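Peer 1: Protein sequence lines correspond, in order, to chains Y and S.
Letter by letter, the first sequence follows residues 1131 to 1656 in my numbering.
Letter by letter, the second sequence follows residues 19 to 704 in my numbering.
Note that CB positions come from ideal geometry on N, CA and C, so glycine has one too.
Treat the numbers as computed from the prediction; the structure is a model and nothing was measured.
Attaching a single structure in structure tokens format; questions to follow.
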Amino acid sequence: MEWFDSGWGLSLIVFLPLVGALILAAIPRANEAGIKWVALITALVTFVLAIVVAVRFDYGSAAQMQFGTDLPWIEAINARYHIGIDGISLPLVVLSAFITVLVVIYSWNHWPEPHNPKLLMALTMILATGMTGTFIALDLVLFFVFFEVVLLPMYFMIGIWGDTSMRIVPVVHWEIELRIYASIKFFLFTLFGSAFMLLGFLALYFKSGDVGANTFDILQLSELGRAGVFTGAFAFWVFAAMFLGFAVKVPMWPLHTWLPDAHTAAPTIGSVILAAILLKLGTYGFIRILIPILPQEAERWAWFIGLLAVIGIIYGSLACLAQSDMKRLIAYSSVGHMGFVMLGVATLSEIGINAAIIGMVAHGVITGLLFFIAGSMAHRYHTRDMNRLGGQMILMPKMGVILGFAAMASLGLPSLAGFWGEFMSLLASFNPLPGLDVTVFRTFMVIAAIGTVLTAGYMLWMLRSVNFGEPSAEWKDHEFHDIDKFEWMAWAPLVVMTIAIGIYPAIVLGATNDAVANLVAKAFGG
Amino acid sequence: MLAALTPLFAWLAFFSEEGGHEVHAGDGGALAQWAWLIPVVPMVITFLIVFFGKHSPLKGWGMATFGMAFVAVYAAVLAWKNLQEGILYEGSIEIGRIGDFTLEWGWLVDGLAIMMYFVVGVVGFLVFVYAKGYMKGDPRYTWFFASFSLFAGGMLVLVSAPNLIQLIVGWELVGVSSYLLIAFYWEDFDNVDAGNKAFMVNKVADAALFIGVIIMALSAGTFQFSEIFERMNEGQTLLVQFGFWAGLALFIGAMGKSAQFPLHVWLPDAMAGPTPVSALMHAATMVTAGIYLVARLFPFYQMPEFSGDVSTIIVIIGAITLFFMGLLALVQDDIKKVLAYSTVSQLGYMMAAMGVGAYTAGLFHLFTHAFFKSLLFLGAGSVIHAVHSNNMSDMGGLRKYLPATFWTFMIGTAALVGLFPFAGFWSKDEIIASAYYSASENPTAAAWFMVALSISGAFITAFYMARLVSLTFFGKYRGHASPHESPAVMTVPLMILAAFAATAGLLNMPGLTHVFTDWVTVRAFPIIEHHATSPSWGLLMIVTPVVLGALAIGFYIFRPKDTQAERDTFSIPVLYPLLDNKYYIDDFYMDGIVRPTMGPVADGTLWIDQNVIDAVPNLTAGATMHVAEAVNTVDQNVVDGVFNEAGAVTEAAGGFLRKMFTGRVQQYAAISFAGVVVIAALFMIF
């Protein structure tokens, strides 16, 4: 297994889906069964490899990069194929592979219009490559390429299979198909952010030349950052540029407005992937790149990140309370939940960053489930308007129960996965990294705690409108098909994971804790 | 002025004294090591009912009731062994580390925990048996027992918690099962709203609980109760510094669950749930979680060098609750709401007792109250079952129709109002005596406030119970159903609970028995408290006449009369409207907080989102489109040739993308690939 541990294992996890996509390209469109099976087998093999990695992972030295390799790639600019995972990336790699499998299973008999499974599955596979690639890349160029690879498939997913209803854009009053508007908005926002991010990467590259060789290597740049090479105005501008890139992706308030549109417009599996994985690329960037390379700037601006995070929590929750579109409500809830993740990051403490990672995983699992359910409901009711829904516990009791479960998990019910991230980021805010202003962060803690109340408020409101009461005349005599077997197969694993992480958080923390301790100690000399 | 009163009443508490308890205890052996089964069995059973309940012979009732029987028997054995030799045991398994903190699931076996296991197990078992009859024929029979079993499991997770994290987990699990069971009849939005209200009020309190746990954990450096107490022994400076805030925030959490003023508003509405739920959760066990929390942290709250004035705040809140919420019971027509306000009031007694340092007295009242109040609720349920209405205006004269219910209800009433020798007599007397003792030792305004209100509260309690009994069981039947006695499956649990209600007080008769004291003071950290060791005859001479007088006045005012309206209500100007509107507290929450938040504040946020924050990208895009259109007319080729950042905008403007999306889809893959190539190419150029 030497070959597996020294780069091949991770490379296979990343590039197998791409190979799958190529195979898909060779299959005739009419052969839908073949397309499904190729996609499923590719996703399953990738997931099994990810599990093998997780099993072989040395948790005793979770702080070290493992399964990695470092090969020359683009020699002209000293960009290298440097990959590897530590305890921080491991859960996210496994999560990505896991969600990909579920998405394929769900798709088995849920094809959004205009159909075309071949292209949809190919795009999903390309997305999988981009997602896992981002989490294993240890070279900024490599990271950037993978980060950008996810952009186009998602853009097409929203643009082609998205919601075709017309939307009148406020302020400028265009009337435009929601999928067109949302996909372009998603594309432009992310590209806007990544352009700045790339500038930041390039600046680091050139600056690193001052003290030796120009490099894009994340670990080497982290060493330089710790040694105090990046300081002053340079560090500030680089920080600002990379911050924009990651903050758009998270998304942090006020750069979040692409998210409700993209989520609402996207087909079900698009929303699931977007919520479960794509948002994490941003937070992961903060933890893997921004904090280690520019620790002084991170310390200086931690209050600002924390401020945007708590604004996101309150603001996202209030926006949820005003929603009548169920999918849009879940989308805005992501703004709030990612606010908790970013609050954890902003504390720059061991507990905070651990909280952020377990929060990311939990959000992936829980919000992924919520979007699955919302998608299946919209498919059955042909509307997402909560004012028209109601009485689901009578119409589709199983769907209602699963929705109730997911809503409870999402509002952070202890004993389910969502609790740990939320609670621990509050815990971290009381005692942030020494040197940060405790009064400011304790204020954030109290505000965020109020946010947990608002979160409960909109989730209960959603359950009230959708699940309870008598069905309206519109649905009363309608025959509904309750959860089908493909839905069960895609959702049950998410339910199980939600409970498992809730009861035994070491599933995530067992990998992350040492790695985070190491990261914090190195960046801030703990 | 208050100090001057002290000698005047000194004789009242002649026999009260302060005492500490030497704890001699073993580790309980295998019995304690296996006690993790107590929370786990009902939890596992919950899952079993969810998956297999519908197809099992007893539709889930059998499994759920087996779980409670198991807990009851296990707890009884533990209790017996605890009285023999004392048990102190703490087991745990690690479930993760975060920073320097270790997260654990664990199970505590000590006097306090065993007492709670016993109450949950015994009352739970009896209520489950009763529910078999009460819920018979309900379309969601299995779902009911799944939720009920979830509650029992959550409650046991809570009381077995050796650390604050597990306490939070149990705390919110009982919260969510409470929500599910209050909103059990969810076809009607009123019930759903009652469930939401309970959840939200508790969530507000839980936010404070979270903050309290966080401050406590970071000050002490641990989530473990036992280690927190050790840090106190060592005089941890952070605990001194933050103790007040930790204690206050934790107490606010306790106020939510135990329905203390001003967070009591959810409990009366919670009566929307089925009556067995009201009996077990909203009277006997769940609502005592707050009392339990304060009792668990009792050593902390009793040390002002750590917790500051929090214990005074506890006394004041408890006293306000016990008196003013009791008054509200006077004007309710719904029999369950009378009992609900009565529960709030009795919880006030317990909480205030904790505040004045009467650990045993407060817990003893919790213990006796669990029996007699669940008895009263189940009795009310039997009545409701018979007349198909919750309203006392539809009852009357039922003693002839439901004799078993009537007589057991009378025993429960006697226990609640505190008639000798029923259970409530001993426990309530002990609280009042302790309050008096505390006031005479340390004559503060708060202490005397507590004494005055606790005696007045006894009056109010007897008064509203006289009204309830008179309107329900005496006079002529006013409803339209044909009342009949409930089946044995319901009346037998009533009789057993009545036996407890009659005799539970004998466990702790001042000067005679101290079984209960011995039971609950087996704890790792010594309890120093105020308690009565012999009967406070002086107090009896005040309280018993007060109670008897209240009963007499109550029965006189609400005696059977000819006209209905005159009989049910008494219209005292100012007071009646105030009580009828629940002191306008609910209105304040709805109109002052909930509606504005869900209305203008939320709508305004969304408006800002769409019209201010999103205006920047939309206007930018709009402007770009105008430019692009101009460019487009100049040279179409520019548009076609470029596919990059700027190009995407331009193309969108040219309507190219729009055409593309509706056109042939094979092209997309090619374009997707081309995009990746372009990006890769950009790198080469760089």
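Whose C-beta lies closer than 8 angstroms to the C-beta of Y:THR1320 among residues of the same chain, with five residues either side of it excluded?
Peer 2: Cβ neighbours of Y:THR1320 beyond the five flanking positions: LEU1281, VAL1378, LYS1379 and TRP1388.
Peer 1: Excluding the five sequence neighbours on either side, which residues of its own chain have a C-beta within less than 7 angstroms of the C-beta of Y:LYS1410, listed in chain order?
Peer 2: LEU1222, MET1490 and GLY1494.
Peer 1: Interface residues of chain Y around S:LYS77 at Cβ under 7 angstroms?
Peer 2: Ordered by position in chain Y, no residue passes the 7 angstroms Cβ test against S:LYS77, which lies about 16 angstroms from the chain.
Peer 1: Please classify Y:ALA1620 as buried or exposed, where buried requires at least 16 other C-beta atoms within 10 Å of its C-beta.
Peer 2: Buried, because 16 or more other Cβ atoms sit within 10 Å of the Cβ of Y:ALA1620.
Peer 1: Buried or exposed, going by whether 16 or more other CB atoms sit within 10 Å of the CB of S:ARG115?
Peer 2: Result: buried.
Peer 1: Using Cβ-Cβ distances below 7 angstroms, what residues of the stretch 1580–1596 of chain Y are close to chain S?
Peer 2: From the stretch 1580–1596 of chain Y, only ILE1580, THR1582, VAL1583, ALA1586, GLY1587, LEU1590 and ARG1594 have a Cβ closer than 7 angstroms to chain S.
Peer 1: How would you label S:LEU530, buried or exposed, when you count the other beta carbons within 10 angstroms and need 16 or more for buried?
Peer 2: With fewer than 16 other Cβ atoms within 10 Å, it is exposed.
Peer 1: Which same chain residues end up closer than 6 angstroms to S:LEU198 when comparing Cβ atoms and leaving out the 5 residues on each side of it in sequence?
Peer 2: Contacts found: SER165.
Peer 1: Quick one: using the 10 Å Cβ neighbour count with 16 as the cut-off for buried, is Y:ILE1298 buried or exposed?
Peer 2: By the neighbour-count rule (16 or more Cβ atoms within 10 Å), Y:ILE1298 is not buried but exposed.
Peer 1: Enumerate in chain order the residues of its own chain whose CB-to-CB distance from Y:GLY1164 is below 7 angstroms, with the five nearest sequence positions on each side excluded.
Peer 2: These residues qualify, in order along the chain: ILE1157.
Peer 1: In this structure, does DSSP put Y:GLY1137 in helix, strand or coil?
Peer 2: If DSSP states are grouped into helix, strand and coil, Y:GLY1137 belongs with the helices.
Peer 1: Which residues in the same chain have their Cβ closer than 8 angstroms to the Cβ of Y:SER1352, if we skip the five residues on either side of it in sequence?
Peer 2: Taken in chain order, the residues that qualify are PRO1422, ILE1423, LYS1652 and ALA1653.
Peer 1: By DSSP's criteria, S:ASN409 is part of a beta bridge. Which residues make up the other side?
Peer 2: Looking at the DSSP assignment, S:ASN409 forms a beta bridge with S:ASP352.
Peer 1: Any idea what DSSP makes of Y:PHE1346, helix, strand or coil?
Peer 2: Note: Y:PHE1346 maps to coil in three-state DSSP.
Peer 1: Any Cβ of chain S within less than 8 angstroms of the Cβ of Y:TYR1414?
Peer 2: Closer than 8 angstroms: no.
Peer 1: Starting from Y:LEU1593, trace the alpha helix (DSSP H) in both directions and tell me its first and last residue.
Peer 2: Counting along the chain, the alpha helix (DSSP H) containing Y:LEU1593 begins and ends at 1568–1596.
Peer 1: Cβ closer than 9 angstroms: which chain Y residues qualify as neighbours of S:PRO635?
Peer 2: Simply LYS1315, LEU1318, PHE1319, PHE1322, THR1387 and TRP1388.
Peer 1: Cutting at 6 angstroms between CB atoms, please list the residues of its own chain near Y:HIS1386, excluding the five before and the five after it.
Peer 2: So the list reads VAL1465, once near-sequence residues are dropped.
Peer 1: Measuring only the C-alpha atoms, how far is S:ALA297 from S:PRO505?
Peer 2: Their backbone Cα atoms lie some 18 angstroms apart in a straight line.
Peer 1: Could you tell me the distance, in whole angstroms, from the CA atom of Y:LEU1412 to the CA atom of S:THR64?
Peer 2: With the sequence shown as reference, residue 1412 of chain Y is identified as Gly, and Leu is not the correct amino acid for it. Whole-angstrom Cα-Cα distance: 39 angstroms.
Peer 1: Let me check one thing: in DSSP terms, what residues is Y:HIS1212 bridge-paired to?
Peer 2: Y:ASP1200, per the DSSP bridge assignment.
Peer 1: Which runs of the beta strand (DSSP E) spanning at least 3 residues fall entirely within the stretch 1479–1567 of chain Y, listed in chain order?
Peer 2: DSSP runs (the beta strand (DSSP E)) wholly in the stretch 1479–1567 of chain Y: none.
Peer 1: Check the Cβ of Y:PHE1560 against every Cβ in chain S and list those closer than 7 angstroms, keeping chain order.
Peer 2: The contacting residues are ILE232, ILE233 and LEU236.
Peer 1: For Y:MET1327, which residues in chain S fall below 9 angstroms Cβ to Cβ?
Peer 2: Result: empty, since nearest Cβ-Cβ is about 13 angstroms, beyond 9 angstroms.
Peer 1: Mind pulling the beta strand (DSSP E) runs of 3 or more residues that sit fully within the stretch 1355–1408 of chain Y?
Peer 2: List check, beta strand (DSSP E) in window: nothing returned.
Peer 1: Going straight from the alpha carbon of S:PRO322 to that of S:GLN51, what length do you get?
Peer 2: If you take the alpha carbons of S:PRO322 and S:GLN51, they lie about 35 angstroms apart.
Peer 1: From the DSSP output, in three-state form, read off S:TRP284 for me.
Peer 2: S:TRP284: helix per DSSP, three-state reduction.
Peer 1: Among S:VAL222, S:GLY617, S:ASN181 and S:TRP204, whose alpha-carbon lies nearest the alpha-carbon of S:GLY193?
Peer 2: Of the listed residues, the one whose Cα sits closest to S:GLY193 is S:VAL222.
Peer 1: Can you tell me whether S:GLU205 is helix, strand or coil according to DSSP?
Peer 2: Reduced to three states, the DSSP call for S:GLU205 is coil.
Peer 1: CB S:GLY430 to CB S:PHE491, shorter than 8 angstroms?
Peer 2: Cβ distance not < 8 angstroms, so S:GLY430 and S:PHE491 don't count as in contact.
Peer 1: The beta strand (DSSP E) with S:VAL127 in it runs from where to where?
Peer 2: S:VAL127 -> beta strand (DSSP E) spans 119–127.
Peer 1: How is Y:ALA1267 classed by DSSP in three states: helix, strand or coil?
Peer 2: Looking at Y:ALA1267 - three-state DSSP - the assignment turns out to be strand.
Peer 1: S:GLN254 versus chain Y: which residues are under 9 angstroms apart at the beta carbon?
Peer 2: What S:GLN254 touches in chain Y: nothing, since even the nearest Cβ is about 15 angstroms away.
Peer 1: Would you check if the stretch 1470–1477 of chain Y and the stretch 1198–1211 of chain Y touch, i.e. whether three or more CB-CB distances between them fall below 8 angstroms?
Peer 2: The stretch 1198–1211 of chain Y, when compared against the stretch 1470–1477 of chain Y, does not touch it at the 8 angstroms Cβ threshold.
Peer 1: Have a look at Y:GLY1263 and Y:SER1219 and give me their C-alpha separation to the nearest angstrom.
Peer 2: In a straight line, the C-alpha of Y:GLY1263 is about 11 angstroms away from that of Y:SER1219.
Peer 1: Is S:ILE105 close to chain Y, meaning its C-beta is less than 8 angstroms from at least one C-beta of that chain?
Peer 2: Taking Cβ atoms only, chain Y never reaches closer than 8 angstroms to S:ILE105, which makes this a no.
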